[in-house]
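>
In the working numbering, the protein residues as written are 351 to 808.
(1) Looking at the structure shown, is residue 761 part of a helix, part of a strand, or coil, going by DSSP?
(2) Can you grab the Cα-Cα spacing for the pair residue 728 / residue 674, in whole Å?
(3) Which word fits residue 589, buried or exposed, when buried means at least 16 other C-beta atoms lie within 10 angstroms of its C-beta?
(4) Tell me which residues share the same chain as residue 845 and place their Cβ nearer than 7 Å to its Cβ, disregarding the 5 neighbours each side in the sequence.
(5) Are the stretch 700 to 707 and the stretch 684 to 692 touching by the rule of at least three beta carbon pairs closer than 8 Å?
(6) Since residue 610 and residue 587 are thought to touch, with beta carbons under 8 Å apart, how far apart are those beta carbons, to the nearest angstrom?
(7) Alpha carbon to alpha carbon, how far is residue 725 from residue 793? Give it in angstroms, no decimals.
(8) Which same chain residues end up closer than 7 Å to residue 399 when comparing Cβ atoms and leaving out the 5 residues on each side of it in sequence?
(9) Pick helix, strand or coil for residue 509, following the three-state DSSP scheme.
(10) Could you pull out every residue in the same chain whose Cβ sits closer than 8 Å to the Cβ of residue 451, ignoring the five residues on either side in sequence?
(11) Kindly indicate which residue of 786, 757 and 785 has the alpha-carbon position closest to the one of residue 804.
(12) According to DSSP, simplified to helix, strand and coil, what is residue 768?
(13) CA-CA distance, residue 684 and residue 695?
(14) Are the beta-carbon atoms of residue 662 and residue 654 separated by less than 8 Å?
(15) Which residue's Cα is closest to the Cα of residue 668: 658, 717, 721 and 629?
(16) Do residue 573 and residue 498 have their CB atoms nearer than 8 Å?
(17) Measure the C-alpha to C-alpha separation of residue 603 and residue 386 and round it to an integer number of angstroms.
(18) Judging by CA-CA distance, which residue of 660, 682 and 441 is the nearest neighbour of residue 493?
(19) Measure from the alpha carbon of residue 656 to the alpha carbon of each residue in 637, 601, 507 and 626, then state which is nearest.
(20) Let's test the definition: count the other Cβ atoms within 10 Å of the Cβ of residue 388 and tell me whether it reaches 16, buried, or not, exposed.
(21) Span of the alpha helix (DSSP H) holding residue 394?
(22) So for residue 717, helix, strand or coil by DSSP?
(23) Residues in the same chain with beta-carbon distance under 8 Å from residue 486, minus the five sequence neighbours each way, listed in chain order, please.
(24) Indicate whether residue 380 and residue 393 have their beta-carbon atoms separated by less than 8 Å.
(25) What does the Cβ neighbour count give for residue 796, buried or exposed, with the cut at 16 atoms within 10 Å?
(26) What are the boundary residues of the alpha helix (DSSP H) that residue 647 is part of?
(27) Tell me which residues share the same chain as residue 457 and place their Cβ nearer than 6 Å to its Cβ, disregarding the 5 neighbours each side in the sequence.
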């Protein structure tokens with residue numbers, strides 16, 4: 351069933367007016383009309399007509415969005431015998447829009463992701479087929495971008511889609527393919543990281559890192575198996591950062607910054623998995639790799655008004671998340687007979703001290719120091735609640751010098767800037783700084799739990 355040409359023209363006009371309208375009243379009116387159209391059975395037909403070449407980009411985008419909406423909410427309207435035809439049309443549309451507009455291409459890719467989730471049991475080779483997808487007359491980078499856009503969308507759609515099957519069954523089915531997906535991502539990153547990265551490589555690699563993160567969040571990935579992938583991601587972060595700061599003005603481009611952030615978020619998700627605490631030896635080894643790869647970057651960015659605050663923020667977030675998720679095994683380094691284990695604890699704590707002591711005034715000159723406040727509460731709480739008196743005494747003795755140094759840092763960071771400089775602050779910055787000083791006051795109370803009267807002599 352399809353719309354007649356007059357109704358289709360009216361709908362296309364409403365679509366253009368909706369996206370180009372400045373008035374909220376008229377936009378709301380068009381929104382209701384377009385939403386009703388998306389809910390109709392005819393939407394399965396007119397969405398393809400709207401995506402034809404020569405239509406305004408707003409109409410094409412609405413057509414792709416309508417298809418995505420229908421797949422998400424009205425999958426039961428698709429007859430089984432029509433599913434293969436739908437997949438073929440989706441792939442043809444992806445080829446058509448491979449050169450843009452990117453917004454339309456994105457909607458088509460995640461539409462195929464949604465299709466894959468619904469048909470994963472009937473299409474068991476779906477993941478392999480997508481990875482081996484060949485799209486004619488499309489350059490290699492665009493092909494790989496599309497593949498990872500589709501793959502990254504599969505876990506997202508499995509979480510968001512209105513599914514008639516149990517989500518747990520889909521997760522179980524997708525989990526069978528996680529190792530394969532991770533290996534493909536790792537191999538692609540390694541193929542790129544050995545050579546100088548071109549600008550065209552960055553969005554593709556960003557999609558690869560996003561794909562890793564989404565699959566880890568949905569299906570999980572064992573810490574025992576992930577070291578080669580972690581090494582590849584760390585190499586990519588280092589390559590992207592050092593190429594940028596040594597060959598340009600020292601400031602990473604937005605694409606470079608987004609890529610390193612995506613890689614570090616993927617690593618953060620890996621360490622933050624619900625069952626990650628079961629693999630303490632692997633967690634310690636991964637944290638050692640983080641320190642080896644990333645501390646040179648944090649040292650290089652340890653300055654006021656640094657040009658790459660985002661990467662420093664992401665690295666410190668990774669360190670803190672890793673320690674908080676594996677606090678007990680890290681603290682065991684204090685009482686461990688292993689010098690290597692103790693050194694790992696010491697280096698991690700020193701990194702968090704550096705984070706707290708980031709040069710500049712928060713929040714206008716630096717954004718990192720606030721990240722560490724929760725860590726200092728967690729550390730003293732873990733130590734003071736230890737059941738073994740001998741271990742508790744040894745740990746308190748070990749963290750006392752750290753908290754003594756921390757007090758000096760916090761007192762300095764809480765100092766009010768000059769009234770002259772505060773005149774240039776906006777209201778949001780002033781309120782953020784007020785809350786920051788309150789967080790420092792709370793953290794100083796935790797310091798007192800460790801130092802007691804000694805704190806008054808500092």
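All C-beta atoms, glycine included, are put in the ideal place defined by N, C-alpha and C.
To lay it out plainly:
(1) DSSP places residue 761 within a helical segment (H, G or I) once states are collapsed to three.
(2) Each residue's alpha carbon lies about 8 Å from the other.
(3) Residue 589 is buried by the Cβ-count criterion.
(4) Summary: the structure shown does not reach residue 845, with the chain confined to residues 351 through 808, and so no result is reported for it.
(5) Contact between the stretch 700 to 707 and the stretch 684 to 692 is absent, because fewer than three Cβ pairs lie under 8 Å.
(6) About 5 Å; that satisfies the 8 Å criterion.
(7) Taking C-alpha positions only, residue 793 is separated from residue 725 by approximately 10 Å.
(8) 358, listed in sequence order.
(9) Reduced to three states, the DSSP call for residue 509 is helix.
(10) Once the five neighbours on either side are set aside, the close Cβ partners of residue 451 are 407, 410 and 411.
(11) For residue 804, the closest of 786, 757 and 785 by C-alpha to C-alpha distance is 757.
(12) Secondary structure at residue 768: coil, using DSSP grouped into helix, strand and coil.
(13) Cα-Cα distance, rounded: 7 Å.
(14) No, Cβ-Cβ distance for residue 662 and residue 654 is not below 8 Å.
(15) Closest by alpha carbon: 721.
(16) No, Cβ-Cβ distance for residue 573 and residue 498 is not below 8 Å.
(17) Within the model, the alpha-carbon separation for residue 603 versus residue 386 is close to 42 Å.
(18) Measuring C-alpha to C-alpha distances from residue 493 to each of 660, 682 and 441 identifies 441 as the nearest.
(19) For residue 656, the closest alpha carbon among the candidates 637, 601, 507 and 626 is that of 601.
(20) The residue is buried, with at least 16 neighbouring Cβ atoms inside 10 Å.
(21) Start and end: 393 to 400.
(22) Coil, per DSSP.
(23) Setting aside the 5 residues that flank it on each side, residue 486 is surrounded in the same chain by 445, each with a C-beta closer than 8 Å to its C-beta; the list follows chain order.
(24) Contact check for residue 380 against residue 393 fails: the beta carbons are separated by 8 Å or more.
(25) By the neighbour-count rule (16 or more Cβ atoms within 10 Å), residue 796 is buried.
(26) Element bounds for residue 647: 630 to 650.
(27) Closer than 6 Å at the Cβ level, and outside the excluded window around residue 457, lie 414, 415 and 418.
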